[in-house]
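Remarks on the structure that follows.
Protein chains: 2
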Amino acid sequence: MVILSKLADYGVIVATHLAAHPERQMTAAVLAQETSLPRATVAKVLKTLAHAGIVAGARGAAGGYRLARDAGAISVVQVVAAIDGAMGVTQCTVHDDCKRSQFCATRPHWHRINIAVGTALGAITLAEMANPFGPLPARPAAPTRPTATP
Amino acid sequence: MVILSKLADYGVIVATHLAAHPERQMTAAVLAQETSLPRATVAKVLKTLAHAGIVAGARGAAGGYRLARDAGAISVVQVVAAIDGAMGVTQCTVHDDCKRSQFCATRPHWHRINIAVGTALGAITLAEMANPFGPLPARPAAPTRPTATP
DNA sequence: AGATTCAGTACCACAGCGGTCCTAATTCCG
DNA sequence: CGGAATTAGGACCGCTGTGGTACTGAATCT
Chain C
81 MVILSKLADY GVIVATHLAA HPERQMTAAV LAQETSLPRA TVAKVLKTLA
131 HAGIVAGARG AAGGYRLARD AGAISVVQVV AAIDGAMGVT QCTVHDDCKR
181 SQFCATRPHW HRINIAVGTA LGAITLAEMA NPFGPLPARP AAPTRPTATP
Chain W
81 MVILSKLADY GVIVATHLAA HPERQMTAAV LAQETSLPRA TVAKVLKTLA
131 HAGIVAGARG AAGGYRLARD AGAISVVQVV AAIDGAMGVT QCTVHDDCKR
181 SQFCATRPHW HRINIAVGTA LGAITLAEMA NPFGPLPARP AAPTRPTATP
């Protein structure tokens, strides 16, 4: 069971890359290359994120994408929800069309778990995602530059 | 985005129902009726759970299913994992076949979230699921018996 | 022996994901 | 002013896997 869809995963990667370079306005092609992800799909994800107000797109010759808000003001769960839709552990926590909901003993417990998961995803922002320091112990400057291989 | 699949949801409901009546050995048909879930699908889920050692099935005329272990010794995450497979937030946390894993900045953060979700699901046992008291405030005996409508 | 029930497998319809491509709008630069 | 570059917004499509059903065989009790 994988919680995030591939598209949502891509979305977080791309958004994080944008957060890491706040002042660059990057085109979809450049963004795809620097993250070594399929180009067309990155474009699709960016359109979805733009629709949700996470990123802002500028058209024209020198156009590109940038974060619509400050990286510290965008939580991961917002990016994920923009692509995969509202999050919930079970079907009934998202759209309640279950006849069992009246007498379902498991429901209140799912609610608790739901909050726990939502909190875990909502607590971390793109700014924290962008730099790997903080959650990790001391890590000296990595000597191996990865030289993106698409 | 719904985290649990329908099958896994059914599995937890059925396992919880078994936990609520520890000494009854219930057939798949009875179990399906009392949970008001589709009969054939319940049978399928029970077989999967039996394969994983969560429930034990007894064949023959007076056969049926019961929990293989004590309800307090089975966590929800085990039931879910038996049906949906090992849990992980992203693809790379489950089966690591991503070329980006070497230089992926988001990876360590996913690991943290992964643990948080796993803890939330692993902390609660079937015994806790079976009785709705504990997480809820005082609730007097519910007067409305639901008279299962399949 | 016969009825009952689990075990295993095979099968199918359908939704939705992942991915591609094409055609407008929009903006910069020569 | 015209052309190049780039996003916006669709339509489109293959495919995997989920959800659900049905059938056959094995085990167990009466």
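Respectively, the protein sequence lines represent chains C and W.
Residue numbering for the first sequence follows this note's numbering, starting at 81 and increasing by one per position.
Residue numbering for the second sequence follows this note's numbering, starting at 81 and increasing by one per position.
A virtual CB, placed ideally from N, CA and C, is assigned to each residue, including glycine.
(1) Counting along the chain, where does the beta strand (DSSP E) carrying alanine 132/C start and finish?
(2) Could you check if isoleucine 93/W is buried or exposed, using at least 16 other CB atoms within 10 Å of its CB as the buried criterion?
(3) Find out if the Cβ-Cβ distance for the pair histidine 26/C, valine 156/W is shorter than 9 Å.
(4) Are isoleucine 163/W and alanine 99/W touching if we call contact CB-CB under 9 Å?
(5) Considering glycine 91/W, what are the terminal residues of the alpha helix (DSSP H) in which it resides?
(6) Assuming the contact rule is C-beta atoms closer than 8 Å, alanine 112/W and proline 118/W should be a hit. Round their C-beta distance to whole Å, please.
(7) Measuring CB to CB, does leucine 147/W end up less than 9 Å from valine 160/W?
(8) Assign alanine 142/W to one of two classes, buried (16 or more other C-beta atoms within 10 Å of its C-beta) or exposed (fewer than that).
(9) Starting from glycine 168/C, find everything on chain W with Cβ-Cβ shorter than 8 Å and list it in chain order.
(10) So, using beta-carbon positions, are alanine 151/W and leucine 206/W closer together than 9 Å?
(11) Would histidine 101/C count as contacting chain W if we go by Cβ distances under 9 Å?
(12) Alpha carbon to alpha carbon, how far is methionine 209/C from histidine 101/C? Give it in angstroms, no decimals.
(13) Which same chain residues, not among the five before or five after leucine 126/C, have their C-beta less than 8 Å away from its C-beta?
(14) Taking the alpha-carbon of lysine 124/W as reference, which of His97/W, Ala88/W, Glu114/W and Thr96/W has the nearest alpha-carbon?
(15) Starting from the Cα of threonine 96/W, find the closest Cα among Ile193/C, Thr96/C, Arg187/C and Gly91/C and give me that residue.
Looking at the coordinates:
(1) For alanine 132/C, no beta strand (DSSP E) run applies, since DSSP gives it neither H nor E.
(2) In the assembly as shown, isoleucine 93/W is a buried residue. Its beta-carbon has 16 or more other beta-carbons within 10 Å.
(3) Here chain C comprises residues numbered 81 to 230, so residue 26/C is not present and cannot be evaluated.
(4) Their beta carbons are not under 9 Å apart, which means isoleucine 163/W does not touch alanine 99/W by this criterion.
(5) Run containing glycine 91/W: 86-100, per the alpha helix (DSSP H) assignment.
(6) The beta-carbon separation of alanine 112/W and proline 118/W, rounded to 7 Å, stays under the 8 Å limit for a contact.
(7) In this structure, valine 160/W does not lie closer than 9 Å to leucine 147/W by Cβ.
(8) Flag for alanine 142/W reads exposed.
(9) For a Cβ distance threshold of 8 Å, residue set Met81, Val82 and Ile83 of chain W lies close to glycine 168/C, ordered along the chain.
(10) In contact: alanine 151/W and leucine 206/W (Cβ atoms closer than 9 Å).
(11) Cβ-Cβ to chain W under 9 Å: no for histidine 101/C.
(12) As the crow flies, the alpha-carbon of histidine 101/C is around 12 Å from that of methionine 209/C.
(13) Result list for leucine 126/C: Val94, Ala108, Leu111, Val135, Gly137 and Tyr145, in chain order.
(14) For lysine 124/W, the nearest C-alpha among the options comes from Ala88/W.
(15) Among Ile193/C, Thr96/C, Arg187/C and Gly91/C, the Cα nearest to that of threonine 96/W is on Arg187/C.
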